[in-house]
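Chains as they are written, first to last, in the working numbering: chain Y, 1 to 196; chain C, 1001 to 1176. Report on one structure; see the data block that follows.
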């Protein structure tokens, strides 16, 4: 295989059928109560084995830097890797357009049930767990990818700045990308110098 | 304003915001709020908050809130226009960026950028979980549910559906 071969020819995504692509993203969309990301990691990494944890974390990093919802960007890229632009549309339909249809149907009945005490209590419990699912996904990715200290620092800074201090995301990302890339670049140069 | 004028207004405003929505729809939600509540007066601030909560509760990406906003302002056509305008331009940009990144796949520069982005991504996911927990956890019981769900996902292979269902039942039992 030459260096010019497309990544999609070697990745497990090349053999994915359109139906499987759609079904997988539909599952993420329709099960994603309180956040799609935990489902995206579970289905893409554990169930389908399209990517490993490291590749998933790197891809989500790219999706976060690009404008647009992270999981929609994820659908665009994974879809593109298996079926080009059509694949992007198929994955987006599963994760975004179908759930929107479901949500609009729910919205019509929402007012009638939202204020029932049983519904409110169930939602309170599920919302608390949904936050935990996202924290658990981050923890799992951290344990599986084990970044070196030069990566832990920008990661911890991202958490504190955006989560605890609630600083504007755009500026935090821009600054941390520059810092993170500089640290990785220095480490790569040092590794080259040592091997030379 | 006629319905068509409203649709054009939504399309133009949301499409421009789409291209600066780094971090997702939440990054541009304050600006959307300013436009639909303060500038245009299409809805009140509490109505906006209720749409946001509803989008969080429904299964699917949080970005679905833009469809609800469009729906509230201009019905089904509004939902369609708002969704395509808010997600279309960013998705095209993402597709183009991916194509470009794919060509550089063997460059050491791309490997460096990817290695740098992964831990920042994990930190940002943790930040979003933390922010959601702040909003959801108003009692020791709710805090415990968050911690248990996080541990279940990080250390076991349990299906998240059971975690959410168990937490909903715990909520009904008055534990949240």
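Don't be surprised by glycine CBs; every beta carbon is placed ideally from N, CA and C.
{"Check": "Note down, in chain order, every chain Y residue with its Cβ under 7 Å from the Cβ of residue 1006 of chain C.", "Outcome": "Within 7 Å Cβ-Cβ: nothing; residue 1006 of chain C doesn't reach chain Y, min ~18 Å."}
{"Check": "Which residue wins for smallest C-alpha separation from residue 201 of chain Y, given the options Y/129, Y/82, Y/53, Y/36?", "Outcome": "Nothing about residue 201 of chain Y can be read from this structure; chain Y reaches only from 1 to 196."}
{"Check": "Specify, as a first and last residue, the run of the alpha helix (DSSP H) that residue 1160 of chain C falls within.", "Outcome": "1160-1172"}
{"Check": "Measuring alpha carbon to alpha carbon, tell me which residue in C/1028, C/1070, C/1057, C/1053 is nearest residue 1043 of chain C.", "Outcome": "C/1070"}
{"Check": "Please go through the same chain and pick out, in chain order, the residues whose beta-carbon is closer than 8 Å to the beta-carbon of residue 1007 of chain C, but skip the five residues on each side of it.", "Outcome": "1074, 1077, 1078, 1081"}
{"Check": "So, for residue 184 of chain Y: in the same chain, excluding its five sequence neighbours on each side, which residues have a beta-carbon less than 6 Å away from its beta-carbon?", "Outcome": "none"}
{"Check": "DSSP three-state call for residue 147 of chain Y: helix, strand or coil?", "Outcome": "coil"}
{"Check": "List, in order along the chain, the chain Y residues whose C-beta lies closer than 7 Å to that of residue 1126 of chain C?", "Outcome": "135, 138, 159, 163"}
{"Check": "I need the boundaries of the alpha helix (DSSP H) containing residue 1102 of chain C, first residue and last residue.", "Outcome": "1065-1103"}
{"Check": "Is the CB of residue 94 of chain Y under 8 Å away from at least one CB in chain C?", "Outcome": "no"}
{"Check": "Given residue 1028 of chain C, which residues of its chain have a CB within under 6 Å of its CB, disregarding the five upstream and five downstream residues?", "Outcome": "1017, 1021"}
{"Check": "With H, G and I counted as helix, E and B as strand and the rest as coil, what does DSSP make of residue 67 of chain Y?", "Outcome": "strand"}
{"Check": "When we look at the beta-carbon of residue 1064 of chain C and count the other beta-carbons within 10 Å, is it buried (16 or more) or exposed?", "Outcome": "buried"}
{"Check": "Residue 1146 of chain C lies in the alpha helix (DSSP H); which residues open and close that run?", "Outcome": "1140-1155"}
{"Check": "What are the partner residues of residue 1022 of chain C, as DSSP defines its beta bridges?", "Outcome": "Y/67"}
{"Check": "Using the C-alpha atoms, what's the distance from residue 87 of chain Y back to residue 9 of chain Y?", "Outcome": "With a pLDDT of 48 at residue 9 of chain Y, under the threshold of 50, the modelled position of this residue cannot be trusted; read the value that follows with caution. For residue 9 of chain Y and residue 87 of chain Y, the distance between alpha carbons rounds to 15 Å."}
{"Check": "Would you mind giving the Cβ-Cβ distance between residue 141 of chain Y and residue 57 of chain Y, rounded to the nearest angstrom? I have them listed as a contact below 8 Å.", "Outcome": "5 Å"}
{"Check": "Since residue 1043 of chain C meets chain Y, which of its residues come closer than 8 Å, beta carbon to beta carbon?", "Outcome": "The contacting residues do not exist; residue 1043 of chain C stays about 14 Å from chain Y at best."}
{"Check": "Could you check which residue in C/1083, C/1057, C/1061 has the C-alpha nearest to that of residue 1067 of chain C?", "Outcome": "C/1083"}
{"Check": "Pull up the distance between the alpha-carbon of residue 3 of chain Y and that of residue 1102 of chain C, whole angstroms please.", "Outcome": "Reliability of the predicted coordinates at residue 3 of chain Y is poor, the pLDDT of 41 falling under 50, and no value is obtained from them."}
{"Check": "Give the interface partners of residue 194 of chain Y over in chain C, defined as CB-CB distance under 8 Å, in chain order.", "Outcome": "Neighbours of residue 194 of chain Y on chain C: none; closest Cβ ~15 Å, over 8 Å."}
{"Check": "What is the rounded straight-line gap between the Cα of residue 18 of chain Y and the Cα of residue 95 of chain Y?", "Outcome": "14 Å"}
{"Check": "Under three-state DSSP, which class holds residue 4 of chain Y?", "Outcome": "With a pLDDT of 41 at residue 4 of chain Y, under the threshold of 50, the modelled position of this residue cannot be trusted; read the value that follows with caution. In the structure shown, residue 4 of chain Y sits in coil (DSSP, three-state: anything other than H, G, I, E or B)."}
{"Check": "Is it right to say residue 1159 of chain C is buried, meaning 16 or more other beta carbons lie within 10 angstroms of its own, or is it exposed?", "Outcome": "exposed"}
{"Check": "Count the other CB atoms, across all protein chains shown, that sit within 10 Å of the CB of residue 1002 of chain C; report buried if there are 16 or more and exposed otherwise.", "Outcome": "exposed"}
{"Check": "Could you tell me whether the stretch 1145-1152 of chain C touches the stretch 129-140 of chain Y, using the rule of 3 or more Cβ pairs below 8 Å?", "Outcome": "yes"}
{"Check": "Starting from residue 44 of chain Y, trace the alpha helix (DSSP H) both ways and give me its first and last residue.", "Outcome": "That residue, residue 44 of chain Y, is in no alpha helix (DSSP H); it is neither H nor E in DSSP."}
{"Check": "Note the first and the last residue of the continuous alpha helix (DSSP H) segment covering residue 1126 of chain C.", "Outcome": "1108-1136"}
{"Check": "Quick one: what's got a C-beta closer than 8 Å to residue 1153 of chain C's C-beta in the same chain, skipping five residues either side?", "Outcome": "1160, 1163"}
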